[in-house]
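I have placed the structure first, in the form of structure tokens, so that the comments after it can refer back to it.
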Amino acid sequence: MRLQPMTPLDADPRALREEDFPRQGSRWDQLQFVLRYAILAPSNRNTQPWSFTLGRDQISIHAESLRWQPVSDPQQRELRISIGCVLENLLIALQHFGFGHHVTLCPGTRDASILVQVAVLDRGVTLPDRPSSLFGAIVRRRTHHGRYRARAIGASALRRLQQCNVDADLRLLLTQDAAIKRAAYELMLTGEALGLADAKYREELAECIAAGNFGAPWLLSVAQQFALAHLGARLGDPRGGRKSLQSSPVFGLISGSNGTGDAQIRAGQLLERLYLTATLQGLSLQPVSQLLEFERVKAGFSRLFRAGGVPIIPFRLGYADASGRLTPRRRLGEVMR
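Take the sequence shown: its position 334, counted from the start at 1, is 339 in this note's numbering, and no numbers get skipped.
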């Protein structure tokens, strides 16, 4: 009996080869293939809070409310950032395979779950903020949660990262200032403590661990879930050790002139470009969400950067001894409506 070939809908999300793009296939087949690159984007707690509606000339990106983290992300800032990351991967992949695009953010459709609509055009163009080299970094990108080496990042690498921002309404700060890093580190510890003291926060994170979002083995996931929900402790600390931020040579911040939903989506796009550009330079990146999860910590953090607008995404940057762990991905069939 001859086995049927695996379709993009049920294929291993990480088993991607550029040469398998169905150049002679239908537009539908081609866009399904492109979406497999989109779903490799990072997301808050690896919740992957997105789904897609696919038409011949349009892709709609939906926010999945059941994957929203309402305790740690009550204003859906992290959710929209995650949508921005998946959108950026989608646009990079469309460009690579010869498609153009026109993006509408927060289109106000009858379906309120649609946060982005992408019109797919027949002719693509390479944009300066999306150099062709970014495409190859999509499958290599990782989030490193451990310590970083005490190795300075050169000026040329920092310039390349700064060039990722072409949005006049966003500001990208990359600093090696020890005082700023120390202050951010102290605020992060406060955020950690507030989270562990909040039973609902612990329960929410425990559910993510139990679902395998962080890729831990099943038995360890159960142990982590129990410790978080009942003891207020973290086994293995899936989001990184408390001294991780302090070990990073560079602290980064994406801020906006405002904190609207579309600004958060665009900040997510910038974050993903930074992730991919860092990957190409052998650098690792990790968002530091604890700095904005609690109003008390957020207020203190905002005072550090009073002239920088509204903080949207703090992160750390540096060289790591090992690449980040691969986290599970939902198959394309699971995210198609």
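Don't be surprised by glycine CBs; every beta carbon is placed ideally from N, CA and C.
Computed from a predicted structure; not experimentally measured.
Contact under 8 Å by Cβ, residue i with residue j
i	j	result
Pro79	Arg41	no
Glu83	Asn49	yes
Leu45	Ile143	yes
Gly266	Cys169	no
Ala202	Phe306	no
Val255	Leu179	yes
Glu298	Gly159	no
Val302	Thr195	yes
Asp17	Pro27	no
Distance between residue j and residue i (C-alpha atoms, nearest Å)
i	j	result
Pro75	Gln29	44 Å
Lys186	Leu258	11 Å
Arg244	His150	The predicted position of Arg244 is uncertain, since its pLDDT is 46 and thus under 50; a value taken from the coordinates is nonetheless stated next. Between Arg244 and His150, the C-alpha separation is close to 6 Å.
Ala272	Asn94	13 Å
Leu290	Gln181	14 Å
Arg336	Gly220	15 Å
Phe140	Ser70	29 Å
Ala68	Ser87	9 Å
Gln81	Arg32	33 Å
Leu331	Gly217	12 Å
Element boundaries [beta strand (DSSP E), containing residue i]
i	result
Leu322	Val315 to Gly323
Gly129	Element bounds for Gly129: n/a, residue is neither H nor E.
Val91	Where Val91 is concerned, there is no enclosing beta strand (DSSP E), although the alpha helix (DSSP H) it sits in stretches over Arg82 to His101.
Ala68	Gln63 to Ala68
Gln291	Ser289 to Pro292
Ser56	Trp55 to Leu59
Residues bridged to residue i [DSSP beta-bridge criterion]
i	result
Trp33	Note: Trp33 sits in no beta bridge, so no partner.
Val125	His106
Met341	Phe57
Arg187	Its beta-bridge partners do not exist; DSSP assigns none.
Thr114	DSSP lists no partner for Thr114.
Span of the alpha helix (DSSP H) around residue i
i	result
Gln274	Gly266 to Leu285
Gly257	Note, Gly257: premise wrong, no alpha helix (DSSP H); beta strand (DSSP E) at Val255 to Gly261.
Phe140	Ser138 to Ala142
Arg308	Glu300 to Leu309
Quiz prompt | Cβ contact check for the segment 58-73 and the segment 84-104: 3 or more pairs under 8 Å | solution = yes
Below 8 Å, how does it come out for the segment 202-218 and the segment 310-324: are there three or more Cβ pairs, yes or no?
no
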